[in-house]
Amino acid sequence: MAKRKQITLEQRSPICTLCEEGNSLTGCVAGKKPKLTIPHNKIDSNQWENVLWTDESKFQIFGFNRRVFVRRLKGENASEACTVLTMKHSGGNVTVWRCFGNNKPENLIRITVKLTKEGYFKIIQDSAIPSRLNLIGPDFTFQQDNDRKHSSTRKL
């Protein structure tokens, strides 16, 4: 069984004060974030300078693509600070892709079609490989996330 994190009185007192005044706070459990593995922590900073990072992101033009949690006091259900504006069909979305290395970003590319393995491979060929010379040089390590479309068996 894991040990619970110890909280000091100074950290706890604002919450206790609100509860003693009759206010009840509601919250949510924070999501877990992936972390680098222990072998990655031992890599020298000079080695990280030779890594070409890539990622794509999808953004909604209006609204949120996720749940939004707020803390509210009793009677604040309809308060403007505790609500989120919505739009029918969420106003559309935009998908973009970018590569970067050693704190230097390359051009942002807008993806207008559904991204498949073939489309991702074309972006890598047309953008990432030429960009590596500007960002890092001829010797580099290519880094991407574990999305299924990144697992193409084709070779660059």
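Every position in the sequence shown, counted from 1, becomes a number in the working numbering once 1466 is added. Ideal Cβ placement from N, Cα and C applies to all residues, glycine included.
Considering only C-alpha positions, which residue in the set His1506, Asn1512, Lys1540 and Asp1510 is nearest to Glu1487? Lys1540
For the alpha helix (DSSP H) holding Lys1588, just list the boundary residues, first then last. Lys1583 to Ile1589
Beta-bridge pairing of Gly1567 - partner residues as DSSP gives them: Lys1570
Would you list the one or two residues that DSSP bridges to Ser1523? Val1562
Does the count of Cβ pairs from the stretch 1507 to 1527 and the stretch 1594 to 1601 closer than 8 Å reach three? yes
I'd like to know whether the C-beta atoms of Ser1593 and Ile1577 end up nearer to each other than 8 Å. no
Leaving out five residues before and five after Val1562 in sequence, what residues of the same chain have Cβ atoms less than 7 Å from its Cβ? Glu1522, Ser1523, Leu1574, Ile1575, Arg1576 and Ile1577
Selected residue, minimal CA-CA separation from Asn1559, among Glu1572, Thr1607, Phe1525 and Ser1511: Phe1525
Within 10 angstroms of the Cβ of Cys1565, are there 16 or more other Cβ atoms? Answer buried if so, exposed if not. buried
Under a Cβ-count criterion, where at least 16 other Cβ atoms within 10 Å of its own Cβ denotes burial, should Ile1527 be classed as buried or exposed? exposed
Whole angstroms is fine: what's the gap from Thr1549's alpha carbon to Val1579's? 33 Å
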